[in-house]
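Undergrad:
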Amino acid sequence: MIVQKLVCGCGWEGPPEMRYTCPECGDSLDVRYDYDTVDVAALDRALDTFRGVWDFHMLLPLREKKHILSLQEGGTPLVPTRQTLGRNVLWKDETRNPTLSFKDRPNTVGISVARELGYSSVSIASTGNGAASLAAYAARGGMECHICVPESTPGEKLLHPVSCGAEVILCLGEYSDAYHLGRELSERQGWANLTSTYLNPYTLEGDKTIAYELFAQCGRQVPDWIAVPLGAGPMLTGIYKGFWELQRLGFCDRLPRMIGVQAEGCAPIVRAWQQGHDTVEPWPGCNTLCGAIADSLTGYARDGTRTLATIRRSGGVGVAVSDTEALEALGSLALWDGILAEPASATAAAAIARLCREGIIRPGETAVGIITAHGLKDAACLETHRKEVSGQ
Ligand SMILES: *Cc1c(COP(=O)(O)O)cnc(C)c1O
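Counting from 66, one number per residue, gives the positions in the sequence shown under our numbering.
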């Protein structure tokens with residue numbers, strides 16, 4: 066609804082069309098607004114009264130409200146933990162979205178923009194949650210949906226897309242293989258590609274609404290730390306962008322420190338952070354129970370580099386947690402706080418627990434963990450590890 070363009074870190078700028086990479090350097094793109102024209106009074110009101118993503122339309126990249134395709138996503142609870150971590154720790158419960166993961170935020174924005182630009186077919190390469198989400202939106206909008214998922218995707222995650230009539234393309238290999246196949250097919254067929262990396266610049270705009278909600282729910286304060294499980298990392302960068310915008314518009318005067326969390330068996334971004342590198346290298350042969358964040362970044366490691374840069378700029382940290390730690394955290398989330406998360410989501414809680422123990426998150430500080438998706442999306446995994454999860 067406001068003036069915008071697509072920009073690249075190399076300096077290229079272009080009009081807001083469906084474009085996935087910079088024509089000059091091939092890097093991913095970012096949506097830029099003219100912040101001087103933002104209706105700040107409307108944003109101020111929305112921070113008091115929001116119920117979901119589209120209440121923040123004044124900072125979202127859609128020209129006309131009639132193109133909004135929504136399932137009433139966002140507006141999720143922020144709950145303090147009952148676990149004794151010695152710090153002010155809160156969970157942003159994204160399991161409460163229409164298709165049980167935060168992916169409804171990037172998808173509602175991405176598919177609405179696609180519709181506004183005249184597309185009737187959408188696609189996504191996904192480890193499952195993004196696919197379940199997009200299929201639901203496409204069904205609601207009467208659009209065609211094609212999903213590329215790795216063969217290891219849990220059956221529960223395919224129930225939603227299959228039921229919603231999406232075309233399921235099962236790919237041999239890992240997530241990166243699905244990414245490349247999805248890109249090739251989408252280009253050839255003319256589908257709007259909403260793959261949940263940085264590929265589609267509009268989807269990150271949905272991720273950033275988590276920041277507006279957190280700011281409002283913390284009493285218009287900025288949390289000291291925010292822990293985010295990483296695939297390629299657009300959610301982490303989106304949340305940071307949301308706070309940056311709030312600062313740019315005069316609502317706050319500082320930014321949170323971002324904790325990027327990966328599984329030990331697939332940690333390309335965290336490894337680069339630990340080794341002090343400026344660029345991320347792929348991690349072929351991912352091996353972890355945390356399937357939703359198992360992204361080796363093969364062929365698009367520069368996406369990881371963009372996430373690494375956000376973590377560094379924020380003064381944040383990278384944390385890799387073991388599958389055992391993730392399952393323990395999953396158990397504690399359920400036992401103490403009544404939230405059933407999937408293993409990938411529990412990594413955020415595991416990272417916060419560890420950083421509190423190590424004193425990196427200090428007494429008196431506030432830390433938020435993004436609980437990205439519901440445990441029933443990977444029920445077979447929970448059943449297999451029932452003992453560890455229940456602590457018996
Ligand atoms: C997609 C996903 C992530 C990672 O988000 P990105 O923005 O792709 O980095 C984390 N947790 C869950 C459950 C996911 O589905």
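Glycine residues also receive a C-beta, built at the ideal position from the N, C-alpha and C atoms.
In this text the structure is predicted, and so the values were computed from the model without any measurement.
1) Does DSSP put W77 in a helix, a strand or coil?
2) Indicate whether E78 and L182 have their beta-carbon atoms separated by less than 9 Å.
3) For N258, which three-state DSSP category applies?
4) Kindly indicate the opening and closing residues of the alpha helix (DSSP H) around H225.
5) Return helix, strand or coil for Q69, following the three-state DSSP convention.
6) How would you write the range of the alpha helix (DSSP H) that I234 sits in, first residue to last?
7) Between the Cα of Y85 and those of L395, L134, A179, spot the shortest distance and give me the residue it belongs to.
8) If we require 3 or more residues per run, which beta strand (DSSP E) segments fall completely within the segment 249 to 310?
9) In or out: R63 buried (at least 16 other Cβ within 10 Å) or exposed?
10) Could you give the C-beta distance for T160 and A406, rounded to a whole number, given that I count them as a contact under 8 Å?
11) Going by beta carbon distance, what residues of the same chain come within less than 7 Å of P347, once the five residues before and after it are set aside?
12) Would you call the segment 184 to 204 and the segment 249 to 268 in contact, with 3 or more CB pairs under 8 Å?
13) Can you check the segment 357 to 397 for any alpha helix (DSSP H) of at least 4 residues that lies completely inside it and give the ranges in chain order?
14) Mapping DSSP to helix, strand and coil, what is K452?
15) Can you give me the Cβ contacts of A385 inside the same chain, cut-off strictly under 6 Å, excluding the 5 residues immediately before and after it?
16) Determine the closest residue to L279 out of A111, S379, L295, with distance taken between C-alpha atoms.
17) If you reduce the DSSP assignment to three classes, tell me which class S191 lands in.
18) Taking 8 Å as the cut-off, does the CB of P266 come closer than this to any heavy atom belonging to ligand 1?
TA: According to the structure shown:
1) As a working note, residue 77 is residue 12 in the sequence shown. W77 falls in the coil class under three-state DSSP.
2) One-based indexing of the sequence shown puts residue 78 at position 13. One-based indexing of the sequence shown puts residue 182 at position 117. No.
3) Taking the sequence shown and counting its residues from 1, the one referred to as residue 258 is at position 193. Strand at N258.
4) On the sequence shown, position 160 is the one that residue 225 refers to. Where H225 is concerned, the enclosing alpha helix (DSSP H) stretches over 220 to 228.
5) As a working mapping, residue 69 is identified with position 4 in the sequence shown. Of the three classes helix, strand and coil, the one that applies to Q69 here is strand, per DSSP.
6) One-based indexing of the sequence shown puts residue 234 at position 169. No alpha helix (DSSP H) holds I234; the beta strand (DSSP E) holding it covers 232 to 236.
7) To locate residue 85, count along the sequence shown from 1; it is residue 20. The shortest C-alpha separation from Y85 is found at A179.
8) 290 to 294
9) Nothing in the structure corresponds to residue 63, since the chain is present only between 66 and 457.
10) Working through the sequence shown from its first residue, we reach residue 160 at position 95. Working through the sequence shown from its first residue, we reach residue 406 at position 341. Indeed they touch by this definition, with Cβ atoms about 7 Å apart.
11) Stepping through the sequence shown from its first residue, residue 347 is reached at position 282. Closer than 7 Å at the Cβ level, and outside the excluded window around P347, lie P333, S361, L362, T363, A366.
12) yes
13) 366 to 378
14) In the sequence shown, counting from the first residue as 1, residue 452 sits at position 387. Reduced to three states, the DSSP call for K452 is helix.
15) Taking the first residue of the sequence shown as position 1, residue 385 is located at position 320. Result list for A385: Q327, E329, A332, V335, in chain order.
16) Counting from one through the sequence shown, the residue named residue 279 turns up at place 214. The residue with the shortest Cα to Cα distance from L279 is A111.
17) Counted from its first residue, the sequence shown places residue 191 at position 126. Note: S191 maps to coil in three-state DSSP.
18) Mapped onto the sequence shown, residue 266 falls at position 201. No, the beta carbon of P266 sits no closer than 8 Å to any heavy atom of ligand 1.
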